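Residue numbering for the sequence shown follows the working numbering, beginning at 10 and increasing consecutively.
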Amino acid sequence: MKTLLRLLARPMLASVFVFDGLDALRNPDDHVERFKKIEPALEKLGLPPVLTSDAKLLSRLAGAVTAITATGLALGKYPRTCAAILAAVNFPITVVNNPIWVAKTDRERQDYSRGLIVGASLAGGLGMAILDNNGQPSWKVRREIVKATKADLAK
């Protein structure tokens with residue numbers, strides 16, 4: 010069932026991801042600079058160097074995935090799949106953009122905290138988009154309806 014809320018909410022949720030994805034494609038150096046802040050922490054965690062060797066390419070790749078899937082979400086093309094991909098990409102990007110553990114001032118810590126909260130809020134919206142069935146019952150409920158209908162017809 011198409012509602013005005015669904016018609017507006019998905020593009021509104023997707024807009025921030027389209028913007029950020031296109032920005033990563035056009036200006037990867039800004040994103041690489043943020044990535045460089047957390048690179049030592051990633052190395053301590055044992056992240057393979059292949060992921061950190063070409064941060065510019067990684068930034069552009071993440072930007073392309075983000076922009077494409079966000080556009081799919083906005084247009085309603087496989088919205089649940091697009092939302093799931095965006096949720097998977099959103100987590101590491103939020104951590105990279107808001108490395109609270111490297112904050113030196115209270116103001117910087119506050120800005121990073123706000124960024125983490127915004128990222129968590131977006132993840133919540135994506136979670137709702139992942140679970141949204143457009144007003145239709147779930148596959149489990151549909152199977153139960155079919156079974157009940159077959160049982161009624163067999164009587």
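Note that the Cβ used here is the ideal one computed from N, Cα and C, for glycine as well. Source: prediction; values computed, not measured.
- Listed in chain order, the non-local C-beta contacts of Leu125 below 7 Å within the same chain comprise Thr103, Asn107, Ile109, local neighbours out to five positions each way being set aside.
- Just so you know, the alpha carbons of Met137 and Ala23 end up roughly 13 Å apart.
- In terms of Cβ geometry, Val41 and Thr75 do not form a close pair [threshold 8 Å].
- For Asp29, the enclosing alpha helix (DSSP H) covers residues 13-35.
- Here Ser68 is buried. Its C-beta has 16 or more other C-beta atoms within 10 Å.
- Put simply, the segment 73-89 touches the segment 13-31. At least three CB pairs are less than 8 Å apart.
- Every alpha helix (DSSP H) of 4 residues or more that sits fully in the segment 80-143 is shown, in chain order, as 88-106, 115-140.
- Following the DSSP letters along the chain, one finds Leu162 inside the alpha helix (DSSP H) bounded by residues 148-163.
- Contact check for Ala96 against Ile139 passes: the beta carbons are separated by less than 8 Å.
- Take the alpha-carbon of Arg89 and the one of Asn143: they are about 10 Å apart.
- Take the alpha-carbon of Lys159 and the one of Glu153: they are about 10 Å apart.
- Separation of Asp29 and Ser130 (C-alpha to C-alpha, rounded to the nearest whole angstrom) is 16 Å.
- Pro101 is not a Cβ neighbour of Lys65, given a cutoff of 8 Å.
- Look at Asp63 here: in three-state DSSP terms it is coil, with no helix or strand label.
- Secondary structure at Leu54: coil, using DSSP grouped into helix, strand and coil.
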